[in-house]
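Single-structure report; data block below.
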Amino acid sequence: MDAEVAKRVVYQLAFNWVQLNLPTDRLTYTDYINAIGGLQVITDDPTRTKAIFSAILDQANELGYSSEWVEVELKFEAQAEAVGDRAKWLRLDVAAREASDESLDLYNLRVSRFISKPGSNGKESND
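Residues 188 to 314 in the working numbering are what the sequence shown lists, from first letter to last.
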């Protein structure tokens, strides 16, 4: 894969993140680039990186979450990609959090992240 293409994708996604103007207490544009770049290193696929990032950013925007939340979710999805079994990683994360109400809510959000909504392009993932 061409490193310049990957770099351009990372910078474009970081720009999209900035444009959304999500609340943040501490993150900078450099933090955005590092978070997306970390995901890109794991996926080694700009198309996959863009799909994951877009799904997370859409959720954050829809639910009014912060850029810090986006950063945490990018790390989670990078870990899931590295493990190679997202469903297993989801279950392990809930177990590590002792199946609290908060962890179950987060689990449901993550499970629904890649499921198409009515009126979308119709693609659905069973991750």
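Just so you know, even glycine gets a beta-carbon here, dropped at the ideal spot from N, CA and C.
Just reading off the alpha helix (DSSP H) that Phe240 is part of, what are its end residues? For this step, residue 240 is matched to residue 53 along the sequence shown. 233–250 is the extent of the alpha helix (DSSP H) around Phe240.
Which residue marks the beginning of the alpha helix (DSSP H) containing Thr215, and which one marks its end? By one-based count along the sequence shown, residue 215 stands at place 28. Where Thr215 is concerned, there is no enclosing alpha helix (DSSP H), because DSSP gives it neither an H nor an E.
On the three-state DSSP scale, how would you describe Ser254? Counting from 1 along the sequence shown, the entry for residue 254 is found at position 67. Helix.
Take Asn308 and list the residues in its own chain whose beta-carbon comes closer than 8 Å to its own, dropping the five residues that flank it on each side. Working through the sequence shown from its first residue, we reach residue 308 at position 121. At Asn308, the pLDDT of 47 sits below 50, so the modelled position is not reliable and the matter cannot be decided from this model.
6 Å Cβ shell around Asp314 - same chain, five flanking residues per side excluded: Position 127 of the sequence shown holds residue 314. Because Asp314 sits at a pLDDT of 43, beneath the cut-off of 50, its placement in the model cannot be relied upon, and the point is left open.
Whole-angstrom distance between Asn208 and Glu255, CA atom to CA atom: To locate residue 255, count along the sequence shown from 1; it is residue 68. To locate residue 208, count along the sequence shown from 1; it is residue 21. Approximately 12 Å, taken between the alpha carbons.
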